[in-house]
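Numbering (UniProt numbering), first residue to last: 1 to 91. Glycine is no exception: its CB is placed at the ideal position from the N, C-alpha and C atoms. Below is one structure, written out as structure tokens; the observations come after it.
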């Protein structure tokens, strides 16, 4: 991948030698809500992805924390389905 031209958004760091290009991570801190880190990734075959890391505070009560996790997983599932849908309509 080193011989392949960097994308305009590539951070041009060590990951370029790992068969991918990666942007600098974008970090958004929302006090009281959580932190979101997004990195754009392009693999050697040209496919692109958004790598998303999300940190959210959980309550200390186990039952409620489990409910928060269940809700987060459900909402992330809906987000994945949405991205698949708009990807198909753009093709």
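Residue i in three-state terms, based on DSSP
i: residue 42; result: strand
i: residue 1; result: Only weak support exists for where residue 1 lies, its pLDDT of 42 falling under 50; the value from the coordinates is given anyway. Correct three-state label for residue 1: coil.
i: residue 61; result: coil
i: residue 33; result: coil
i: residue 6; result: coil
Closest by C-alpha distance to residue i, when choosing among the options
i: residue 55; options: 16, 42, 31, 35; result: 35
i: residue 43; options: 9, 8, 21; result: 21
i: residue 10; options: 23, 18, 87; result: 23
Cβ shell of residue i (< 8 Å), same chain only, five flanking positions each side left out
i: residue 13; result: 22
i: residue 69; result: 58
Supposed contact pair residue j and residue i - C-beta distance, whole angstroms, cut 8 Å
i: residue 25; j: residue 39; result: 5 Å
Min CB distance residue i to chain D below 8 Å
i: residue 33; result: The chain inventory of the structure shown lacks chain D, comprising one protein chain alone.
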